[in-house]
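Engineer: Would you mind keeping the following structure in view while I ask a few things?
Number of protein chains: 2
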Amino acid sequence: MKLLEERIRRDGRVLGTDILKVDTFLNHQIDPELMLAIGDEFAQLFADKQIDKILTVESSGIAPAVFAGLALHVPVVFARKNKSLTLPNGVWSADVYSFTKQVTNHMMIDQRFLKADEQVLLIDDFLANGQAVEGLLTIAQQAHAHVVAVGIVIEKSFQKGRQILNERGLQVESLARIKSLNSEKIEFMSS
Amino acid sequence: MKLLEERIRRDGRVLGTDILKVDTFLNHQIDPELMLAIGDEFAQLFADKQIDKILTVESSGIAPAVFAGLALHVPVVFARKNKSLTLPNGVWSADVYSFTKQVTNHMMIDQRFLKADEQVLLIDDFLANGQAVEGLLTIAQQAHAHVVAVGIVIEKSFQKGRQILNERGLQVESLARIKSLNSEKIEFMSS
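From first to last, the protein sequence lines stand for chains Z and V. One point on numbering: in my numbering, the residue at position 180 of the first sequence is 180, and numbering is uninterrupted. One point on numbering: in my numbering, the residue at position 17 of the second sequence is 17, and numbering is uninterrupted.
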């Protein structure tokens, strides 16, 4: 997605060897018009799928997911993260390790919001090592829902997330795929 | 807002004497089309204001805020909640007590995203005792930004939040104002 790549080049900040900060438009400050365009792009990419529901995870997944939901005319459910050891009753849940923050969180959704045989599209802001998406997959599996595809705003293609998901036979569509990054240059995979 | 009141009557669940669960369309599962309508309604209500930025708090504030941002053509910043005792550098922050969860959280935003003299609209999903909005006001004050108004999706008018904000001279616009609730009936303030 050209518009997104341009925005990443313009506003993205690279920290160290593998961290890309896009907090000016995606995950702290949000550009609503860009989110609208992102939602439309996801809707086009998944136009041939039967999708009942979008599943994402708080907080940064919410904005892109809700615009994808608008364009695809389906509800969005966001998993909540929870650090406490005890989980409430009636939830599907997964443990998710964050490499960035070096903590393990639970992620959970109320069982009322994901049912057997529902066709689910997973959306998230970033795909790096694939931990968050794996958590959502675990939750979908618990509910016996069917994950039809995965939509990612920014994929760090030099990390192992996409490979893991492809090996599971999942279709992954990322709107920007970063081949490599350093403080001088952000290089995208050629589309 | 008629559409919202109808949705609350249809899907809202009352727990105990003062808790209203709207997790089927607002703060766990999200109805994107309703969020679009909510954003448009906020834009109409605040059409006469000069607004540079919308400020909200994760996670449930994000969807209504980002659609208001779309309709008003301004960026949205969401404050992050943080339970750890140490705060990162370069943030504006406030302590916020949640009566529902009976915990104190920090709420914080990167100082790069709120500047002196910016005209800010605060948006949140619920107004009950006003703690979350007071946290956002504290943050705005630290940044020397100017809060022009407060937009709330659902106000529990029988709790003290609105009164506190009105006493501070703030304009508060709530799309649904709940006068009272119990397991049999949800009553709205007449508009």
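Just so you know, even glycine gets a beta-carbon here, dropped at the ideal spot from N, CA and C.
Sorted by chain position, which residues of the same chain lie with C-beta nearer than 6 angstroms to Z:T24's C-beta, five sequence neighbours on each side aside?
Structural biologist: Within the same chain, and ignoring the five residues on either side of Z:T24 in sequence, the residues whose Cβ sits closer than 6 angstroms to its Cβ are D11.
Engineer: Quick one: any contact between the segment 129-138 of chain Z and the segment 96-104 of chain Z, if contact means 3 or more CB pairs under 8 angstroms?
Structural biologist: yes
Engineer: Within the 9 angstroms Cβ cut-off, does Z:V133 reach chain V?
Structural biologist: no
Engineer: Which full runs of the alpha helix (DSSP H) of 4+ residues lie inside the segment 29-54 of chain Z, going along the chain?
Structural biologist: 32-45
Engineer: Measuring CB to CB, does Z:L4 end up less than 9 angstroms from Z:V172?
Structural biologist: no
Engineer: Contact criterion: CB-CB distance below 9 angstroms. Does Z:M35 meet it with respect to chain V?
Structural biologist: yes
Engineer: Ends of the alpha helix (DSSP H) at V:V77?
Structural biologist: Premise fails: V:V77 lies in the beta strand (DSSP E), V76 to N82, not in any alpha helix (DSSP H).
Engineer: Within its chain, find whatever has a CB closer than 8 angstroms to the CB of Z:Q111; leave out the 5 residues flanking it on each side and keep chain order.
Structural biologist: Excluding five sequence positions before and after Z:Q111, the CB atoms of its chain that fall closer than 8 angstroms to its own CB belong to G90, V91, W92 and A143, given in chain order.
Engineer: Any idea if Z:S157 is buried or exposed, counting beta-carbon neighbours within 10 angstroms, 16 or more meaning buried?
Structural biologist: With 16 or more Cβ atoms within 10 Å of its Cβ, Z:S157 is classed as buried.
Engineer: From V:F113 to V:V77, what distance separates their C-alpha atoms?
Structural biologist: 7 angstroms
Engineer: What residues from chain V crowd round Z:L70, counting only those whose CB sits closer than 7 angstroms?
Structural biologist: P32, E33 and L36
Engineer: In its own chain, which residues sit with a C-beta less than 7 angstroms from the C-beta of V:H28, not counting the 5 before and 5 after it?
Structural biologist: If we look at V:H28 and ignore the five residues flanking it on each side, it has no Cβ neighbours.
Engineer: Could you list which residues in chain Z have their beta carbon closer than 7 angstroms to that of V:A143, in chain order?
Structural biologist: Chain Z residues near V:A143: none, gap ~13 angstroms exceeds 7 angstroms.
Engineer: Relative to chain V, which residues along the segment 110-129 of chain Z have a C-beta separation below 7 angstroms, given in chain order?
Structural biologist: D110 and F113
Engineer: Between the alpha carbons of V:T205 and Z:A145, how many angstroms are there, rounded?
Structural biologist: Since the first and last residues shown for chain V are 1 and 191, residue 205 of chain V lies out of range.
Engineer: At what residues does the beta strand (DSSP E) containing V:K179 begin and finish?
Structural biologist: V172 to L181
Engineer: Output the residue ranges of the beta strand (DSSP E) runs that lie fully inside the segment 63-147 of chain Z and measure 3 residues or longer, sorted by chain position.
Structural biologist: 76-82, 91-98, 103-110 and 119-127
Engineer: Out of Z:A176, Z:L20, Z:L181 and Z:K81, point me to the one whose CA is closest to Z:T100's CA.
Structural biologist: Z:L20
Engineer: Verify the CB distance criterion: does V:D40 have a CB-CB separation below 9 angstroms to chain A?
Structural biologist: As a matter of chain content, chain A is missing from the structure shown, whose protein chains are Z and V.
Engineer: Should Z:G198 go down as buried or exposed, given a rule of 16 or more other Cβ atoms within 10 Å for buried?
Structural biologist: Nothing can be reported for residue 198 of chain Z, as the shown portion of chain Z is limited to 1 through 191.
Engineer: Over what stretch of residues does the beta strand (DSSP E) that includes Z:K21 continue unbroken?
Structural biologist: Element bounds for Z:K21: I19 to K21.
Engineer: Go through its chain and collect everything with a Cβ distance to V:R177's Cβ below 7 angstroms, but skip five positions before and after it.
Structural biologist: E155, S157, F188 and M189
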